[in-house]
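Scroll down for the structure; my scribbles are underneath it.
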Amino acid sequence: MLYMLDILSNQMRDNVSKFEEYRRGNSSKILFIIVCVVLLLIAALVSLSVGTRIGFGRTAEVVFNHLTGVTYPKRSPEWWEDYYIFQNVMPEVVVAIIAGAGLAVTGVIMQSIMNNPLADPYTTGISSGASLGAVTAIIMGYTFSSIAGEMGIVSNAFIGAMVPALIIILLSKRVGNSPATIILIGTAISYFFNALTTLIMITADSEALQSAYMWQIGSVAGVSWSSIPLMLVIVTASSIFAILLSRSLNLMTLGDESARSLGMDAERLRMVCIMVSSFLIASIVSYTGIIGFVGLVSPHIVRFVVGSDNRFVIPASIVAGALLLTVALMLSRLLNSFGYIPIGVVVSFIGAPIFLYLVVRDKSGREIW
Amino acid sequence: MVNSKSLQKKMYLSSARKKIMFILLCAILTVIVFIYYLKVGFYSTTMSDIFEIISAHFTGKEVDYQADLIIWGKRIPRAIMAVFCGASLAVGGAVIQTVLRNPLTDSYTTGISSGAFLGVTLFLILDISLIPSAQNLSLVFNAFLFSLIPVAAILVVSGKKRVTASRLILTGIAVMYLFSATSTLLMVSTDHETLSEAYSWRIGTLANTGWISVPIVVTVTVICILFLFSKSREFNIVSAGEKVAQSLGVNSKKVTVMALIVVAFMTASSVSFTGTIGFVGLVAPHISRIFIGSDCRYLIPASAFVGALFLLSMDAIAKVSGDLGLPVGVISALIGAPLFVIILVKNKKTAWDI
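Line by line, the protein sequences give chains A and B.
Heads up, the first sequence is in our numbering, so the first residue is 14 and it goes up one at a time.
Heads up, the second sequence is in our numbering, so the first residue is 68 and it goes up one at a time.
So, in structure tokens, the structure goes:
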């Protein structure tokens with residue numbers, strides 16, 4: 014009897030200590046997110062000041078003054094500084110933050126609903142559709158919406174990006190929507206649209222090809238405030254959506270069968286997620302072009318630190334993705350004096366070594382995926 | 068009891084026979100398309116001319132110089148190349164998809180395409196070649212040697228103790244991004260004409276094939292496919308999951324790494340001549356899977372013939388489309404993607420879901 018009590022109390026103690034451990038684990042995860050947020054703010058401020066002649070301290074001052082409502086006489090040197098920072102540089106930084114967050118959160122959603130570590134925001138073929146739309150505007154000068162110029166490219170890319178998702182949704186009625194089926198259809202669509210893009214690109218002269226190629230690499234240079242509201246609203250709404258669904262997304266990674274036995278309609282959730290992420294990614298890539306790497310790798314980097322529970326992976330990825338892209342923007346602006354280096358390139362250069370280091374260093378051998 | 072066992076055996080045999088029939092059918096179709104391939108093109112010939120030209124090379128008879136140049140000098144090596152590139156890309160894709168248990172992967176997943184492309188951009192833009200004395204083949208050597216670097220990185224990481232398959236592949240992807248970022252940087256910094264040259268290499272084409280590449284590609288492909296085929300039982304076991312493999316005494320990491328290396332070598336040897344031809348390596352295995360299932364003993368030969376047949380037919384179309392012909396990669400995707408979706412919709416299964 015005593016012996017049994019002993020076991021029981023031991024077990025209880027074990028449970029208590031496990032609970033403690035769990036809580037401690039959680040607080041370190043939250044700490045990680047907070048650290049990322051702080052770093053993000055610093056990186057954003059630094060990227061406002063690099064590549065300009067206005068120093069870091071002065072930039073911080075101008076931003077602070079602007080936010081507290083200080084006004085300058087028109088066309089005074091201070092006014093010009095304020096104008097330059099807020100009209101030319103700030104939109105780029107804000108877009109980098111929003112795009113990074115949006116790409117990363119979509120990466121998590123895709124990897125969860127496809128149950129595949131290689132899935133990324135572009136797995137359903139969004140990038141190929143957007144490319145096709147943009148390239149038709151750039152090379153052939155044809156726009157779906159008869160809007161000319163820069164906005165013509167944006168609207169074309171947006172409409173193009175929605176086509177693959179529509180095809181997938183229509184086809185999934187016929188073939189069901191298991192992860193494998195969607196991945197295969199998405200890949201087929203990607204190849205098809207990319208082939209059309211290639212066809213247009215090889216018939217173009219080499220200068221038009223160059224500008225189309227530049228669009229595809231992805232860049233935040235030259236964005237203005239007018240492009241931000243749409244992106245901001247969609248990314249914020251989808252991020253909240255993802256955070257609210259994080260428990261369901263956890264269940265999805267167990268496979269459709271297990272999710273169903275736990276009372277969840279996995280197939281419907283998958284369709285909803287695909288629609289939301291298509292909309293989200295379309296709103297980003299139509300302004301920035303195809304920025305790779307962030308969406309695939311930020312969730313993986315985050316998983317090394319916070320584990321694979323989506324309740325933490327999603328917020329942490331949002332912040333980490335934004336941080337990664339902002340740092341990339343900072344470096345890209347810093348190196349601008351040596352020649353134009355697009356943000357999509359820089360992000361691979363800083364992200365890939367970090368990622369490799371994490372893969373090589375990690376000795377736990379736990380299957381984070 | 069005995070009856071049901073014999074019935075099961077009979078059913079198994081009949082399904083095996085069906086699979087072999089499918090493979091044979093693809094092989095026969097490949098031969099037919101091969102012969103037809105020699106006939107079509109800008110320069111039209113008859114069947115008897117073709118046979119005359121081929122036999123002339125063995126008997127030493129005199130034939131029309133121009134016809135000989137086109138048929139023997141261009142079309143035959145290009146057709147052979149299409150067959151073996153198609154087979155090697157498809158088998159590579161089938162094996163990689165099996166050992167990594169991931170339908171999103173293909174023969175380029177280990178980073179071969181980005182490595183090869185970096186080698187090419189280094190050569191075209193910065194004029195860096197690893198073997199400068201090779202002259203015309205410098206570009207090929209560059210592409211070949213660089214394409215093997217990502218897989219070498221995977222090999223180094225795999226030496227560490229507890230590395231899972233998904234880690235291995237993510238390593239390859241990280242290296243891939245690093246490489247493609249470097250080549251993008253080079254592409255951005257160069258003038259638009261060099262960019263367009265490098266871009267057209269990346270699309271991949273069989274149009275520039277001559278006899279020089281044929282012996283290498285054929286030998287490497289045949290040896291590698293036979294080797295992979297001989298390991299198909301082990302691949303089947305690995306595809307059942309790490310725990311199953313362990314309990315059956317198969318070291319799944321060792322098999323995976325071996326498969327990655329052999330496939331990388333095989334793919335690199337053909338890609339460095341043709342450029343990165345996409346689509347066939349991903350889709351030919353999936354099409355084969357839909358018809359004959361995931362058993363590697365059948366999947367590997369079936370993928371080889373489906374890939375060969377597919378690339379050969381697509382190149383035949385690519386050859387006659389447009390004034391100067393279009394890249395085979397573009398045609399494969401334009402025709403192959405809808406075809407693939409139709410097959411998928413008709414069969415309503417992908418062999419991954421069972």
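Glycine included, C-beta positions come from ideal geometry on N, C-alpha and C.
- DSSP, read as helix, strand or coil, puts asparagine 169 (chain B) in coil.
- Taking C-beta atoms under 8 Å as the contact rule, arginine 316 (chain A) and valine 326 (chain A) qualify, at a distance of about 6 Å.
- Close to threonine 137 (chain A), with beta-carbon spacing below 9 Å, lies no residue of chain B; the smallest spacing is near 12 Å.
- Taken in chain order, the complete alpha helix (DSSP H) segments of 4 residues or longer contained in the stretch 109-164 of chain B are 114-126, 132-135.
- Its Cα nearest to that of valine 187 (chain B), the residue B:Gly342 stands out among B:Gly342, B:Gln133, B:Met325.
- Taking the Cα of methionine 343 (chain A) as reference, the smallest distance to any Cα among A:Gly146, A:Ile304, A:Glu105 is reached at A:Glu105.
- Between glycine 159 (chain B) and the set B:Lys413, B:His353, B:Ala400, the nearest pair of CA atoms involves B:His353.
- Take glycine 173 (chain A), set aside five residues on each side of it, and the residues of its chain with a beta-carbon closer than 6 Å to its own are Gly142, Ala143, Leu145, Gly146, in chain order.
- According to the DSSP assignment, proline 368 (chain B) belongs to the alpha helix (DSSP H) that extends over 363-387.
- In this structure, the alpha-carbon of leucine 167 (chain B) lies about 22 Å from that of serine 336 (chain B).
- Annotation for valine 102 (chain A): no alpha helix (DSSP H) segment contains it, and DSSP assigns it neither H nor E.
- Residues of chain B whose Cβ lies closer than 9 Å to the Cβ of asparagine 323 (chain A) do not exist; the shortest such Cβ separation is about 17 Å.
- In the DSSP assignment, serine 345 (chain A) falls within the alpha helix (DSSP H) that extends over 323-347.
- For asparagine 169 (chain A), the closest Cβ of chain B is not nearer than 8 Å.
- Three or more beta-carbon pairs separated by less than 8 Å link the stretch 195-207 of chain A to the stretch 394-403 of chain B, which places the two stretches in contact.
- By the beta-carbon neighbour count (other beta carbons within 10 angstroms, threshold 16), arginine 66 (chain A) is exposed.
- By the Cβ test, the stretch 115-128 of chain A is in contact with the stretch 243-258 of chain A, since at least three Cβ pairs between them sit closer than 8 Å.
- CA-to-CA, the gap between alanine 331 (chain B) and serine 174 (chain B) works out to about 7 Å.
- Check the Cα spacing between leucine 156 (chain B) and each of B:Pro144, B:Thr176, B:Trp139: the tightest is with B:Thr176.
- Contact annotation: threonine 137 (chain A) and alanine 178 (chain A) have beta-carbon atoms nearer than 8 Å.
- Inter-segment contact for the stretch 55-69 of chain A and the stretch 84-102 of chain A is present: three or more beta-carbon pairs are separated by less than 8 Å.
- For glycine 226 (chain B), there is no enclosing alpha helix (DSSP H), since its DSSP letter is neither H nor E.
- Contact note: serine 181 (chain B) does not reach chain A at a C-beta cutoff of 9 Å; the least C-beta distance is about 10 Å.
- Given a length threshold of 4 residues, each whole run of the alpha helix (DSSP H) inside the stretch 101-189 of chain A is given here in chain order: 103-127, 139-148, 162-188.
- For histidine 313 (chain A), the C-beta contacts it makes with chain B under 7 Å involve Leu237, in order along the chain.
- Within its own chain, the residues whose Cβ lies closer than 7 Å to the Cβ of isoleucine 180 (chain A), once the five positions on either side in sequence are excluded, are Ile202, listed in chain order.
- Under the three-pair Cβ rule at 8 Å, the stretch 344-353 of chain A does not count as touching the stretch 291-301 of chain A.
- The beta carbon of tyrosine 96 (chain A) sits no closer than 8 Å to any beta carbon of chain B.
- For the stretch 186-203 of chain A, the set of residues with a beta-carbon nearer than 8 Å to any beta-carbon of chain B comprises Arg187, Val188, Gly189, Ser191, Ala193, Thr194, Ile196, Leu197, Ile198, Thr200, Ala201, Ile202, in chain order.
- Chain-ordered, the chain A residues with CB closer than 9 Å to the CB of proline 170 (chain B) read Asn129, Pro192, Ala193, Ile196, Leu197, Thr200.
- In this structure, the CA atom of glycine 374 (chain B) is about 6 Å from the CA atom of valine 347 (chain B).
- Per the C-alpha coordinates, the member of A:Gly120, A:Ala73, A:Asp133, A:Phe77 positioned closest to alanine 255 (chain A) is A:Gly120.
- Three or more Cβ pairs drawn from the stretch 88-100 of chain B and the stretch 365-373 of chain B lie within less than 8 Å of each other, which places the two stretches in contact.
- Near chain A, meaning a CB-to-CB distance below 7 Å, the residues of the stretch 316-347 of chain B are Gly345, Phe346.
- When the beta-carbon positions are compared, proline 144 (chain B) and valine 289 (chain B) stay at least 8 Å from each other.
- Below the 9 Å Cβ cutoff, chain A contributes no neighbours of methionine 88 (chain B), its closest Cβ being approximately 25 Å away.
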